[in-house]
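Novice: I have a structure I would like to understand better, so I am pasting it below and will then ask my questions one at a time.
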Amino acid sequence: MSVPAELLYTPEHEWVAIDGGTATIGITDYATQALGDVVYVSLPAVGAAVTSGEPCGEVESTKSVSDLYSPVDGEVVEINEELDDDPGLINAEPYGLGWMFRVRVTDGQAAGTGLLSPTEYDALTKSAG
Numbered sequence: 001m002s003v004p005a006e007l008l009y010t011p012e013h014e015w016v017a018i019d020g021g022t023a024t025i026g027i028t029d030y031a032t033q034a035l036g037d038v039v040y041v042s043l044p045a046v047g048a049a050v051t052s053g054e055p056c057g058e059v060e061s062t063k064s065v066s067d068l069y070s071p072v073d074g075e076v077v078e079i080n081e082e083l084d085d086d087p088g089l090i091n092a093e094p095y096g097l098g099w100m101f102r103v104r105v106t107d108g109q110a111a112g113t114g115l116l117s118p119t120e121y122d123a124l125t126k127s128a129g
């Protein structure tokens, strides 16, 4: 299982890369392994407001349907439209081509508030079994 050191994580298995005022969000390698083959993804609409810790979409796999949570507050500025045609990118490259959406982070929100470091996330997934 891969846990890139440059990212932050949520207990719900999303990852976030914060670059200035924009956060790129996806689901972790751990989540893709637990879900199995991703067959469909429902992402928030561009322009939608998202709230940290709240569901904003769904990931459907051959095993189940899981909520997608936003790790930050803000406005969706871009979605990965490639996932419409090839949701398997999430399994193949969860930290690369399988990114899901980008959010302009709300002014004043501290980057990383309530997010886990790679070490903390690795410990969480190991304790989960």
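Residue numbers (the UniProt record's numbering): 1 to 129. For every residue, glycine included, the Cβ atom is placed at its ideal position computed from N, Cα and C. What you are looking at is a predicted structure, and each value in this text was computed from that prediction instead of being measured.
Chain C beta carbons: is any one of them nearer than 8 Å to that of Thr-62?
Specialist: Protein chain content of the structure displayed is limited to a single chain, and chain C is not contained in it.
Novice: What did DSSP end up calling Pro-94 once you bin it into helix, strand or coil?
Specialist: coil
Novice: Within 10 Å of its beta-carbon, does Ala-128 have 16 or more other beta-carbons around it, so buried, or fewer, so exposed?
Specialist: exposed
Novice: Can you grab the Cα-Cα spacing for the pair Ala-92 / Gly-98, in whole Å?
Specialist: C-alpha separation (whole angstroms): 7 Å.
Novice: Assign Ala-23 to buried or exposed, taking buried as 16 or more other Cβ atoms, counted over all protein chains shown, within 10 Å of its Cβ.
Specialist: buried
Novice: Can you give me the start and stop residues for the beta strand (DSSP E) that Thr-10 sits inside?
Specialist: No beta strand (DSSP E) holds Thr-10; DSSP gives it neither H nor E.
Novice: On the CB-based measure, 16 or more other CB atoms within 10 Å of its CB, does Tyr-9 come out buried or exposed?
Specialist: Flag for Tyr-9 reads buried.
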